[in-house]
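Trainee: Residue numbers (the working numbering), protein chains in the order written: chain U, 353 to 689; chain G, 353 to 689.
Got a structure for you, written out below as structure tokens; questions coming shortly.
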DNA sequence: CTGTTAGCGCGTTCAA
DNA sequence: TTGAACGCGCTAACAG
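Set out below in structure tokens:
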């Protein structure tokens, strides 16, 4: 554990520090012979250049930060997976920060990141976040930023998201293709923008396939669990019963599943079900349940790619990409991811 | 985006660089008045000391690395959650690296980490990893290491794991408490050490409650899905039927669930089921399924705590803790975490 | 081809 | 109470 650096190597070899440095970078200025000697000794001493020293000198860290609300959530876990993969390919390092949806934490993290630790940030904002001065400050320091999933449109930079409208359309068409005629839409809250977009997709699909829209089939399930259960039960016991259900979030699919158990309905024979989900586990556990999964892995990869691309040629760094990906339909055999 | 550092601040205030540095560290050597002036300007200019420069100087990075096989897996996601939380509390930064269970990647990552980037590592080894020279090299460089979950016993350092034996015992007792008399154990592979430990716990529970052990109730399910399904079906259709099932891994619980569907058996009325799982989602989706969940969050926190504790007082750094945590039983109402 | 020199930005002596 | 000077370890411009 005796310390080894350019200086000690140079001393041991009887050459100058800069010769060692250049040799290790395989500079054309150095003779093959000395290169050999240097490289051999370096390997023997298990030498690695100190990255902090070289970062300081080169003014770039090859490190990025990922800021997400949480990680114990399949979506962000997969996104990070994608980010890390691209980072390794590009020889970048990834710092991870969780906000737990707290505005204070988000601010505090951004403060910390102004210390020259990183070259860029990939960020999914906390739902609590209303103002964005902390983000502006980051960018002021010349740190590149790419938003993914939960973005702030007020900030002009690259964004990678998914298309809830198209996803809602696809999900509904999937049910239609399986022969469904009376498709219900289980809504969580008409205040939620994603919910509305998904519903719009649902309605578009009905229109496209000449199925009359029946407002009674849109069920507002509210926030309380018992309420959702009740509403769904009412839906499934009403005289002119529905033959398929599109749950706007996974929780509502679970409730549907439980109602079916009580009523003795079999999925998918008696009722087809599809739901949005940020995990592929739902459909794995319950093979009869189709799910629409956000392409989290892909989102992470794309976001990271944009960032690294700009980092490598810093001059052209007007990040104005706005990528909207499609969700993926997962049925029984799919492996997801 | 004009650059701001000690030098520019000093110039603007008409004092020396070292005065600014000391003032910002609230040194007793500096008069209150100058401190005021310095701090005010620093805030105004939104100054943060460059961490790479100060790390270089102070010879510590306040950064750790977390190396895990994957992240799109609830266990590691929760563990990282715990680690990140403790890191934030201690004002440390967390770099994340995924091996995807590849030995080469693990080695390559460890190589990278010898460059003075970090003070310590939290690691869950890849299953492919057989030799551990790369890990030894890391430690040679004075980097502290704590293993969690997937450890290498050959290496003498702190380890945080869960107790599969006790967990298996608890799971079985849970079934017994619910009135089960003939409990089957679904085994994945008798070569798997965790499987064997869980089975040992199962047998211990039977012994403890004076239930005779019936070897016919231990079902080797093999690796192929169809095989598992078949074996479970045989089990559940045999004349002297079992009234409860302990699945050693989640996949086998899913298969059991499907067999029940085919046979028209209701869980938990006709059959009680408990399984090991690294996610709480299983039990959420299927409320009738009890699960034994590794306390991933807690494991992460404990591992991080040990590491930081040693990092703060580097002299006493003989990491010889060996913490074995218990798994947690999750029934319907529990929220997990 | 090799060495000398000058920083990157900061913290820490030691003098003044 | 302040400032000048040095060095953490490395890279890069410039001499030789």
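Quick reminder that beta carbons are idealized off the backbone N, C-alpha and C, glycines included.
Keep in mind that this is a model prediction, so the values were computed, not measured.
1. Per DSSP, residue 486 of chain G forms a beta bridge with which residues?
2. Report, in whole angstroms, the separation of the C-beta atoms of residue 569 of chain U and residue 523 of chain U, which I expect to be a contact under 8 angstroms.
3. Measure the C-alpha to C-alpha separation of residue 660 of chain G and residue 509 of chain G and round it to an integer number of angstroms.
4. Determine the closest residue to residue 398 of chain G out of G:355, G:467, G:551, G:574, with distance taken between C-alpha atoms.
5. Kindly identify the DSSP beta-bridge partner or partners of residue 536 of chain G.
6. Identify which residue in U:566, U:581, U:551, U:591 has its Cα closest to the Cα of residue 598 of chain U.
7. Please check the pair residue 431 of chain U and residue 500 of chain U, which I expect to be a contact at CB under 8 angstroms, by giving their CB distance rounded to whole angstroms.
8. In or out: residue 542 of chain U buried (at least 16 other Cβ within 10 Å) or exposed?
9. Give a yes or no on whether the C-beta atoms belonging to residue 324 of chain G and residue 646 of chain U are separated by under 9 angstroms.
10. Look up residue 472 of chain U in the DSSP assignment and give the residues it is bridged to.
11. Between the Cα of residue 676 of chain U and the Cα atoms of U:488, U:658, U:513, which residue gives the shortest distance?
12. Give me, in chain order, the residues of the same chain whose beta-carbon lies closer than 7 angstroms to that of residue 493 of chain U; leave out the 5 immediate sequence neighbours on both sides.
13. Run through the DSSP bridge pairs and tell me what residue 447 of chain G is partnered with.
14. List the residues of chain G whose Cβ lies closer than 7 angstroms to the Cβ of residue 396 of chain U, in chain order.
15. So which of U:526, U:358, U:621, U:579 has the shortest CA-CA distance to residue 374 of chain U?
16. Are the Cβ atoms of residue 417 of chain G and residue 470 of chain G separated by less than 9 angstroms?
17. For residue 677 of chain G, which beta-bridge partners are listed by DSSP?
18. Can you tell me the Cα-Cα spacing of residue 574 of chain U and residue 649 of chain U, whole angstroms?
19. Please report the straight-line C-alpha distance between residue 674 of chain U and residue 376 of chain U, rounded to a whole angstrom.
20. DSSP three-state label for residue 667 of chain U, please.
21. Strictly by DSSP, which residues pair up with residue 348 of chain U?
22. Whose C-beta lies closer than 7 angstroms to the C-beta of residue 490 of chain U among residues of the same chain, with five residues either side of it excluded?
23. When the Cα atoms are used, what is the spatial distance from residue 571 of chain G to residue 479 of chain U?
24. Return the CA-CA distance between residue 558 of chain U and residue 528 of chain U, expressed in angstroms with no decimal places.
25. Taking 9 angstroms as the cut-off, decide whether the C-beta atoms of residue 438 of chain G and residue 656 of chain G are in contact.
26. Have a look at residue 548 of chain U and residue 452 of chain G and give me their C-alpha separation to the nearest angstrom.
27. Please list the partners that residue 579 of chain U has in chain G, where partner means a Cβ-to-Cβ separation under 7 angstroms.
28. Suppose contacts are defined by Cβ-Cβ distances below 9 angstroms. Is residue 502 of chain U in contact with residue 421 of chain U by that definition?
29. What residues of chain G sit near residue 363 of chain U, judged by a beta carbon separation below 9 angstroms?
30. According to a CB-to-CB cut-off of less than 9 angstroms, which residues of the segment 545 to 556 of chain G neighbour chain U?
31. Taking 8 angstroms as the cut-off, does the CB of residue 529 of chain G come closer than this to any heavy atom belonging to the ligand FAD?
32. Which of the three DSSP states, helix, strand or coil, is assigned to residue 424 of chain G?
33. Would residue 647 of chain G pass as an interface residue toward chain U - the criterion being a Cβ-Cβ separation below 9 angstroms?
34. Determine which residues share a DSSP beta bridge with residue 572 of chain G and list them.
35. Listing by chain order, which chain U residues have their CB less than 7 angstroms from the CB of residue 628 of chain G?
36. If I'm right that residue 517 of chain G touches residue 553 of chain G with Cβ under 8 angstroms, what's the distance once you round it to whole angstroms?
Mentor: According to the structure shown:
1. The partner list for residue 486 of chain G (beta bridge, DSSP) is empty, contrary to what the question assumes.
2. About 15 angstroms; that fails the 8 angstroms criterion.
3. 14 angstroms
4. G:355
5. G:597
6. U:551
7. 7 angstroms
8. exposed
9. Within the shown structure, residues of chain G are numbered from 353 to 689, placing residue 324 of chain G beyond reach of any answer.
10. U:416, U:496
11. U:513
12. 466
13. U:447, G:417
14. By Cβ distance, chain G contributes nothing, its closest Cβ being about 13 angstroms from residue 396 of chain U, past 7 angstroms.
15. U:358
16. yes
17. G:514
18. 31 angstroms
19. 41 angstroms
20. Caution is warranted here: a pLDDT of 47 is assigned to residue 667 of chain U, below 50, making its placement in the model unreliable, and the coordinate value is therefore given only provisionally. Note: residue 667 of chain U maps to helix in three-state DSSP.
21. The structure shown does not extend to residue 348 of chain U, since chain U is modelled only from 353 through 689, so no value can be given for it.
22. 462, 465, 466, 473, 497
23. 48 angstroms
24. 9 angstroms
25. yes
26. 38 angstroms
27. The premise fails here: residue 579 of chain U is roughly 18 angstroms from chain G at the closest Cβ pair, so nothing lies under 7 angstroms.
28. yes
29. Near residue 363 of chain U there are no residues of chain G at all, since even the closest Cβ is about 19 angstroms away, more than 9 angstroms.
30. none
31. The ligand FAD is not part of the structure shown, which contains no ligands of any sort.
32. coil
33. no
34. G:539
35. Chain U residues near residue 628 of chain G: none, gap ~14 angstroms exceeds 7 angstroms.
36. 4 angstroms
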